[in-house]
Every structure is written in structure tokens, then in C-alpha cells.
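Worksheet: the structure to be examined is printed underneath.
Number of protein chains: 8
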Amino acid sequence: MKWRVYLSGEIHTDWREQIAQGCAERNLPITLLGPVTDHAASDAAGDGLVATDGGFWRDQQSARVNQIRTRTLIEKSDLVVVRFGEQYRQWNAAFDAGLCAALGKPYITLHDESLVHPLKEVDAAAQAWAQTPQQVVQLLAYTCSSACAD
Amino acid sequence: MKWRVYLSGEIHTDWREQIAQGCAERNLPITLLGPVTDHAASDAAGDGLVATDGGFWRDQQSARVNQIRTRTLIEKSDLVVVRFGEQYRQWNAAFDAGLCAALGKPYITLHDESLVHPLKEVDAAAQAWAQTPQQVVQLLAYTCSSACAD
Amino acid sequence: MKWRVYLSGEIHTDWREQIAQGCAERNLPITLLGPVTDHAASDAAGDGLVATDGGFWRDQQSARVNQIRTRTLIEKSDLVVVRFGEQYRQWNAAFDAGLCAALGKPYITLHDESLVHPLKEVDAAAQAWAQTPQQVVQLLAYTCSSACAD
Amino acid sequence: MKWRVYLSGEIHTDWREQIAQGCAERNLPITLLGPVTDHAASDAAGDGLVATDGGFWRDQQSARVNQIRTRTLIEKSDLVVVRFGEQYRQWNAAFDAGLCAALGKPYITLHDESLVHPLKEVDAAAQAWAQTPQQVVQLLAYTCSSACAD
Amino acid sequence: MKWRVYLSGEIHTDWREQIAQGCAERNLPITLLGPVTDHAASDAAGDGLVATDGGFWRDQQSARVNQIRTRTLIEKSDLVVVRFGEQYRQWNAAFDAGLCAALGKPYITLHDESLVHPLKEVDAAAQAWAQTPQQVVQLLAYTCSSACAD
Amino acid sequence: MKWRVYLSGEIHTDWREQIAQGCAERNLPITLLGPVTDHAASDAAGDGLVATDGGFWRDQQSARVNQIRTRTLIEKSDLVVVRFGEQYRQWNAAFDAGLCAALGKPYITLHDESLVHPLKEVDAAAQAWAQTPQQVVQLLAYTCSSACAD
Amino acid sequence: MKWRVYLSGEIHTDWREQIAQGCAERNLPITLLGPVTDHAASDAAGDGLVATDGGFWRDQQSARVNQIRTRTLIEKSDLVVVRFGEQYRQWNAAFDAGLCAALGKPYITLHDESLVHPLKEVDAAAQAWAQTPQQVVQLLAYTCSSACAD
Amino acid sequence: MKWRVYLSGEIHTDWREQIAQGCAERNLPITLLGPVTDHAASDAAGDGLVATDGGFWRDQQSARVNQIRTRTLIEKSDLVVVRFGEQYRQWNAAFDAGLCAALGKPYITLHDESLVHPLKEVDAAAQAWAQTPQQVVQLLAYTCSSACAD
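Chains as they are written, first to last, in this note's numbering: chain C, 4 to 153; chain W, 4 to 153; chain H, 4 to 153; chain B, 4 to 153; chain D, 4 to 153; chain U, 4 to 153; chain E, 4 to 153; chain A, 4 to 153.
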């Protein structure tokens, strides 16, 4: 049985690659999914549709296009990892966590200790708080360990 | 991971074929689904059952038979495209959009600019409004692009 | 036990008033709900928010504001009546019918015989097709008749 | 028919009081709900339970206690307003918006224009974006206006 | 706290009246609901709509009208009693039981011992099998007894 | 795309075999599922568990064991066919239809014209009424016809 | 706005009365609900139905009768308190907690510290762990405090 | 069609191995799933995350990690077997049964006769009570027997 894991959050560091590498090294039965990580492409996702003056409407159009992917992949996933870095508002990541909570979709948060207090509500509904990608890999390995026949 | 996309709407032009061609050219991991596009066969779907005098009961019988396919394929799909052409009432297409909205199934509308005002409610619940099949293909290509490992 | 009935559809004739009158005459335990019926106000519902150039974005903004009311009142209702007149595209009405179908919310259609064929899918998922407001009142009276103690 | 509206977000300004005042002035049939707004009390919500060393576990305990109220009131509400101010991370507000989106609960965002880009995903799933409490009141007045008999 | 109990099943004996009497005697906080019990009116529920030749279409039309009431009242109820008498096919009663089972709506069956074997599937998903209306009243009295403050 | 079709109802004639044959002849992409059709084995499904005196408790035990299969296969199916023959009470078949109706699972009824009136409620929630297995095969062939790419 | 709180668990001590008293003293807007607390009556709930030899079938019959009340009151409640004492297996209490977890119904556990390890799974899905009825009352008072207008 | 069966409950005896052996001997189309059965590893599941002093917070952290697996595998399963042995509190097993009941997931209990009375609520919502692993295998064999084509 393969597990689908969606990696939500900041697209500015290589945290997804680190997790992918860890999963590959341990040969885990996991499919990793995520958003489009090319920041410019993501912001421009709706640019081919209705012409706008940039600003609010341009962002609305692109965000709604991106939602097709995000919502679908989250729903198809068994587990979600939500990453918060030090920079950026990252309200979309907290929003994804809220989606998971309401859908009863288990998620793990990945962030530094300095963000514990502002992330208390997001962490409170999570199944675990990890501080490094390696801890995430450890949790994934534990979760889909072979006590489950496939 | 393959995506299932249901193409709802008018069965009088070749818009489905255009999308299929675009998906094939780009080698997208997409399965396209749709209603029975033979108009006469669709209207006659229930004719082999209870004899009617044509009219309301004949239409009811056939429409209910067609619903087996429509509702099932929409539910099995990840994304729906709802096409509105200039002709015909197309209330069944707007009805399909309402189904999607209530099911939380993301959909994209495909129609000409001249229909913007009468379609405002349908577009408001959509994830995007495209004006050409090529734009639809672009959205599909973006949505299932390779930042998702399979 | 009071019944809530949402009246969806065209806002250009007095069909809602006719139903209200019929319900009042029969002293039915029914609360009638509906959209904002002032057409200009409805189209302008979002005008106080983000400035637009009219057109698509203005319609999107207003339609999304109107959806707060429509979706909420439909969900709070026990039964919905969807009216189709001869004029106008009325895609929002067919859309409301689709919402009802997916939500398992029973609905009745109200339209002239001339629209039977184009409305076959919408009627197929309806509990009844009425041709006059008086027939609707009759169905409401029958449905909430006193064999139900309150 | 009374409407329940949950006011989510920062508890550092008087935006809730402004909305309450506006609703009262217009005599709107609205019940306003919200989180505990005493910041210290909110952070200490779980302090009477298991002793902690402060930090992560203290925050977890309190956040989980606060969730009883938040989740319940959001589910009992017909509409949610999510406020974002300039200060603070406000990840709990974005989280609440995600909850609403997954629950199909309509929500309105309230924030300054400077936050449009980082809030694009949250706004994309919202029914409207307001910039002032007065605009919110206007939307509430429109939404529950008397075209709905009670 | 008042309980709503829907009484489904044959409309040829006075079993509903017996239960109503028992509930009244014990002053139970129960609202009893049921279908239209006038057999002719029930079969004719749709006669005012589309003219038919009697037979299948007439029955379809009336049955769909009756469903508005049945489905709504069952969903609004806390508990359902499904009565099976010796006569008649009573497939609508078994159908109601199936509705309840899928909705997670608790129900009690009321029938004679001679029907135990053919009703085994219906009884298997029920919370109890009663043989007399008095037993039903006893179960209702027990279920809503005063250990629940209101 | 393969379709799963559950065949519910009487296990005394060869109607399932007729449908299977028709599907095979037309090479339909359909998996047929059904209950255990060995009547004695079905009634004895729970006999290996708690000893009973036969009668009600024996039937309860077996029926609850059979429900594991029935409920699971119905939920995994895309479409259900519910067969009613002339003999037997067949309340379990009507019960299955009720399950389908509440789950929004489309179903087709298969029965003789003589049963139209007592089956009106069951037929009213069905997508079609067929009188012969061959008509059922025709509906299945139409429903999964090749206008859907796989 | 009144809160409904269901008190699940052992019926051998006066913990419910303590909570009721605390709620009354603080004048909380809370309705307390619970199971039938007369142990003998609870075990005998089904005795008036099918005669049994005591043992498994007697217990099954009574437990299924009790479930009508338990499941309904839990579903109607906003919050559940699950109490575990030192004695008795109390598997029904842990079962109720599982119901709540799957329903997304928030619950609080009430038990002594000595039971922390065996209750870790039940506590992990709870919103809080209280050790005394007074702590429970404190949580209730905090949760429905007046920052919510009614 | 393969069946997924989750084996919940005590991890101190070889009951899972017995069932696995029985399924293998009969060549059943069944995938068996279960929790991590290494008791120490299970209790330590969260130890790599936040440092704790052991006790409540350590148990909370590990239990929440284990829940990722448990909840996901239960939801992915078609049927669950819940085992209760003589030793240990086993509240997590009763909790799993409650999850299943609310999710409408069929389950079978496996326990000795001596536990009938304290398990009456858990058994009442089960589809069957087995006393030995061999009886469980028999039920599995019956349930997925070849009357279902794949």
C-alpha cells in the first residue's frame, strides 16, 4: 500500500528535496505531491485568462487556478506536511492546515522553535510538530512501516 | 498520478476534440470523460423502457437514464470543464456546474465573453473562466505539471 | 413544525407574490425565502468593495456576494422551488437546481410546457414539475398537511 | 430568521465593536459570535489543567481548549468574517479561513490593500474582500435584507 | 429537549393513534410525525400536475411528490419507527428503513413475530424490534427519560 | 474505466446470469458484484458464532454477518440493480434501494409490470425501471459506452 | 446561545451532579445531557422486547436500545465530557470518545492521573484532560463566556 | 476485488498471525493491515520530536503520531476486526470501535465470552462477535467468497 503525502508551504528552500531524498534512501512506499514550486509561474497561473491590471484581480485569478491543484492533491493525499519558514506571511500554508483540520486529514507541521507561539493553533490540530526534514522522514518511515502487509 | 477531467456541456461543436488533441500533444496524464455525444441517442436513452407518448414522460425517462452516467462520471472526476455555447438553453450544463459547486468539485467554465453577464453566478463558483479550448489545455497542463511526483 | 421554502429563479414577474398569497390564504406553516429581488441592487451587490471597470470582475464580485445569501438560504430550507420563465438565460436558476440535487435537497420546478425539453435534466432530478404558482401552493399544502403533529 | 456571524481574527483593535455598532444601528437580525478576546486569558486557557514549563506544551494545552469554542462557533455560524491586521502572524485567522473553505462555510475577509498579495489564497476562497468594518456591515445588511420573510 | 419521532409504514390500522395515546398518557416530550395517511390522497398526490393515463407515470408523479414530505420528515426526526403489518407488500416501509440505515438514523421496527424471517435484514440494522405499540411507547419513554436535563 | 455494478435482490432465478451473459457478449467494461446466492449458506452465515435456538436471534446474527458484504459492495459500486420477483417478501431488496437513495447511489429496478403500484416509492427514487435483464444490459451498455475515454 | 454538553462515562459516582452544581452556581448557559444512570434500568432496557436467556442476547438487546439515546444525544451536543473512573472496564466510554473523534465532536476527558498511560489514545484526540469536575466546570465557563453575544 | 481488513487491538498475543495464516491457507483476496506491534516502538513513536519528562506529554506526543497510521488505515479498510484480550485496559481498541461505528465502517469483535457484559455496547454496534481467530477467518472467507466477480 502506497502512501500519498502532500508537502505544503514555502517554496523558497529545498525542504521538499530533503524529504524526497530521505524517503528514497529508506525506500519508503510514498508518493510525494506538492504545489507548483516555480514562484513566478505560480503567481502567473491565471495570466493567460482574463486581462487584468495586476493587483487584486490578477492575484484572484491566479490563486483560483492554483486552488484546483492544491485542493485536489490535498484531498487525494493520506497525510500532509505543512512547512513554515521564518520569512513571508505564509498565510496560504496556515490556510491549507485549516483545510486539513476540517477534512479530518492528518497533518504534520515543520517549523523552527521560534514560531511555536504564533503557530499554536495550527500545531494544536496537527498530529505532530517536527523541526527538521529528517524528523519528518522518520515519522513517515514509522507510519508506513511494514507492520502493514500490502 | 492521472487526472480525470469531465467535459460537460453542448454536444454540437468539436470543443471536446480540441481539448483531447491539446492534451495528447502535450502528453498530459489526463483521462477525459464526457456524456454521450450522439444527440439522438441521448434523447432516446430511455426509449427501450416504458412506452410513452413522447413529450414530458419520454424526456423524463431518458434524462434519468443519462443521469446515471453524468452523476457517476462527475463524481469520479477530479476536475470538470463546463462549456456554454451561443445556442441552446444549456440548462443541463448550468445544472452540472451547480452539482460541482455543492460537491466541492473544482470546475472551469469555457464560454465566449458575450455570455459573461448571464453566467456570472456559474462563473463565480468556478475556479477559472476560459474563452478557448487552448486556454483550457493550458490550465490542465499547469495543474498536473510535474512538480507532482507520481 | 414550520417548513422553510426557498424560491429561486427569475425576479421579473410576481410569481413569488402569488405563492405567498396562496400560502397565506391557506394559513400554511411555511416561511418563504428568496434572493434579493431588486435587480439593480443584486447586480450592484459588490460595488461598494473593490473598484472595477464593470464587466467580468464587477459581475464576479457581485455574484460572490449574492452567493452568501443564496447558498445559506438554500441550505437552511427544507424545499426549494425553481422557477423558469420564457425570457432570459436563467443559468443561475439551473445552477441552484444542481446545488439542490447534490445536497439531496428536494425541489420543485415551475415552468411552462414549452420548456419541457430543454429542462429535462433539471426536471428529472426534481420531485415535481408545476406549471402555475397555484399548483405549487397545492403541493406545499399537501406536503405540510396536518398529518404531522407539531 | 436570525443570522449567526462569527468574527475571527486579531483581538487587538476594536473592529468587532465597530461591526456590532453598525449592526445595531441598522437593527440587523444578526447574532455576533467570536473568540475570547482577552489575550492573556486566551493564552492561559489551559493553565488550570496539566502543569507545564510554559513553551510548546503550555501553548498546546491552551490552544486545544480554545479550539472547543472556535470550532463549535464556526460550525454554528452562517457566515464568518476573517480579519487580518498589519501586525502579528495571524496564522490562526488563516487557519480559520481554511476550516471555512473545507466546511463550505461562506466567509468574508477584512484587511487593508497592502495585504492583498500575501492573502491571495485566503481571499480567493472568500465570498468578498472588505477593507473597512463599515463595508462588512453593508454586506451583512444586504445579505439578510427583508426580501427574506421570517 | 423534545424528540421528533417519525412513524413510517402501513396506513391501514390505528397503530399511530395507539402510540400517540401512549405518549400523551405519559406526557412524553415527543413530537410525532408521519406520512399523509389518507390512502387515496396519497396515491393522488401528483394528480394535479401532468395528466397521465394512470399506471406507472401516475404512480411516479405521486410517489415523487410524497417523497418531499417523507425524506424531509425522516431527516428532521431523531428516531423512526417502521411498522410492518401482515398485508400488503410494504416495500416503501422497507425502503424507509434503508434510508435510515444509510443516514445513521436510529429506527425501531414494529411487527408480528410471523414476519421475523423475511424482515431479518431490516431488523438487523434496527435498534430494536417491538411487537406492540405499547412496547414502542415503553422504548420512547425510556429513551427520553428525565436523566436528560432540558 | 471499469464500472462496478451490484446486483441486489431475489436469489431464486437466473437473472444475474442473464445479465452477466449479456455484459460478456457485448464486452462491457463492467464488474458484477452480488450477495452470496446460496440461500442456505446465507441464512446460516452466523451459525458458527453464538449458539442460538434458531428464530429471531439466529436470523439477527446471520443478517448482520451478511450486511458486511452487502453494505461494503454497495458502497464500492457505481450502480446498483434491484430485482423484485413475484414471490417472497423481498424486504431486503427494498431496504437496499433505500440505502442507495440515501447514499446518492444510482440504481435501476428490475421487475414485472404487475408490481408497479406497490413499488412506486422504490421506482420513484430509481434512475430507471427495466422489465427484463436484456433491458438492463442495454442500459449498462449505453451508460458505459465509449464516449468516455479510459 | 445555549450549549449542550453530554456527560458520558461511569454512572457510579456523583461526578455529573458536581458538574451540574458548578454550572448552576456560575449560571452557565448550558444544558447537560447524559445516559440513563440507573444501572439496573440501563441493563434491562430491552427486557420488555424479545425474551432471552440473559447473557449475550439480553445484553445485545439492551445495548441497542440504549444506543438510541446515546448516539442521538451525542450528535445533538456541542461538547462531550468522557469520564473514566478507577473501576470497571468502561469500554463504552472509550467507545463514545471514538464516536466523537470520528464525528469531529470536541470532547474533554475526566480522569485521574493514574490512568494517563492506558488512556493516551483517548486523550490524544481530546481537546483537554481534566482531573476534577471543578476543572471541567472551569473549562465550560471559559468556553461559553460572554465574549459571545447571544 | 481485494478486501482490506484492519486488525485493531492488543499487541501481546499472536492473534494477527493466526488470522494471517488462515487467510493464506484459504487463499483469500485480503490485505491485512494493523498498527505497529512493537510495543516499545509504539510508545516511543514521538520521542524524536519535542523533549518531554515522560508522563502525559510524552504519551500525548506518541499517541498523536500513532494516530496518523491508525486513522488512515482504518479509513482505507473495508472491514475492521477489534480484538479484546483479558489483560490491559484496551481503551484504544474500544475507541477504534467507536471510530468505526461513527464512520459506518463495519467491524467484528474478537473476545472471550467472559467479556460479553462489559463489551455489550461495543458488540452492539458490531456486525459479529467471534471468539476465536478461526471464526474470524471463517467470516472473512464467507464475506469475500466468489459470488463476487472481480
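Note that CB positions come from ideal geometry on N, CA and C, so glycine has one too. Here the structure is a predicted model, which is why all the values come from computation and not from measurement.
Neighbourhood of E:L122 by C-beta distance below 7 Å, restricted to the same chain and skipping five residues each side: F87, T112 and H114
What is the DSSP secondary structure of W:L106, counted as helix, strand or coil? helix
Quick check: the Cα distance between B:H120 and H:A104, rounded to an integer number of angstroms? 36 Å
Cutoff 6 Å; reference U:A128; Cβ partners in own chain excluding five residues on either side: A104
Taking the alpha helix (DSSP H) that C:Y9 falls in, what are its first and last residues? Here C:Y9 belongs to no alpha helix (DSSP H); instead the beta strand (DSSP E) covers W6 to G12.
Nearest chain C C-beta to A:Q21 closer than 8 Å, yes or no? no
Can you give me the C-alpha to C-alpha distance between H:I22 and H:F98, rounded to a whole angstrom? 22 Å
Inter-residue CB distance, W:R67 and U:A48 (contact presumed, cutoff 8 Å): The pair is not a contact, with the Cβ atoms about 35 Å apart (cut-off 8 Å).
Determine the contact status of E:P32 and E:C147, defining contact as a CB-CB distance below 8 Å. yes
Can you give the Cα-Cα distance for H:E89 and H:V83, rounded to whole angstroms? 20 Å
With three or more C-beta pairs closer than 8 Å as the rule, is the segment 4-13 of chain E touching the segment 43-61 of chain U? no
Who are B:L82's beta bridge partners in DSSP? B:V8
Less than 8 Å between CB atoms is the rule here; does U:V39 satisfy it with respect to chain E? no
Go ahead and label H:S65 buried or exposed: buried means 16 or more other beta carbons lie within 10 angstroms of its beta carbon, across all protein chains shown. buried
Mind checking if D:L102 is an interface residue toward chain U, Cβ cutoff 8 Å exclusive? yes
Please determine, among B:G101, B:D126, B:Q141 and B:G51, the residue with the shortest C-alpha to C-alpha distance to E:L143. B:G51
Could you round the C-beta distance between E:E116 and E:Q134 to whole angstroms and report it? I think they count as a contact, below 8 Å. 6 Å
B:I127 - containing alpha helix (DSSP H), residue span: According to the sequence as given, residue 127 of chain B is Ala; it is not Ile. B:A127 -> alpha helix (DSSP H) spans K123 to A127.
Name the chain A residues whose beta carbon is nearer than 8 Å to that of B:W60? V53, T55 and W60
Could you check what DSSP says for B:L36 in three-state terms: helix, strand or coil? strand
Tell me which residue opens and which closes the alpha helix (DSSP H) that U:A23 is part of. W18 to E28
Opening and closing residue of the beta strand (DSSP E) in which C:A133 lies: A131 to A133
So, is U:C151 buried or exposed, given that buried needs 16 or more other C-beta atoms within 10 angstroms? Any answer about U:C151 is weak, because its pLDDT of 44 lies below 50 and its placement is not dependable; what the coordinates show is given next. Its Cβ being crowded by 16 or more others within 10 Å, U:C151 is buried.
To the nearest angstrom, report how far apart H:K108 and C:G57 are at their CA atoms. 40 Å
Residues bridged to B:F87 (per DSSP): B:H114
Check for me: the alpha helix (DSSP H) holding D:T146 runs from which residue to which? P136 to T146
For A:R67 and chain E, any beta-carbon pair shorter than 8 Å? yes
Quick check on this structure: which residue in A:L36, A:A100 and A:V125 has the alpha carbon closest to the alpha carbon of A:E20? A:L36
Give me the residue from B:K79, B:E124, B:E28 and B:Q93 with the minimum Cα distance to C:L102. B:E124
Buried versus exposed call for C:R61 [16 or more other C-beta atoms within 10 Å across all chains shown]: buried
Three-way DSSP call (helix, strand, coil) for B:L52 in this model: coil
Under three-state DSSP, which class holds A:Q93? coil
Contacts of C:K123 in chain B (Cβ-Cβ under 8 Å): D62, Q63, S65, A66 and N95
Does any C-beta atom of chain H lie closer than 8 Å to the C-beta of D:G49? yes
Using DSSP with H/G/I as helix, E/B as strand and the rest coil, what is E:V68? helix
Contacts of E:R92 in chain A (Cβ-Cβ under 7 Å): P121
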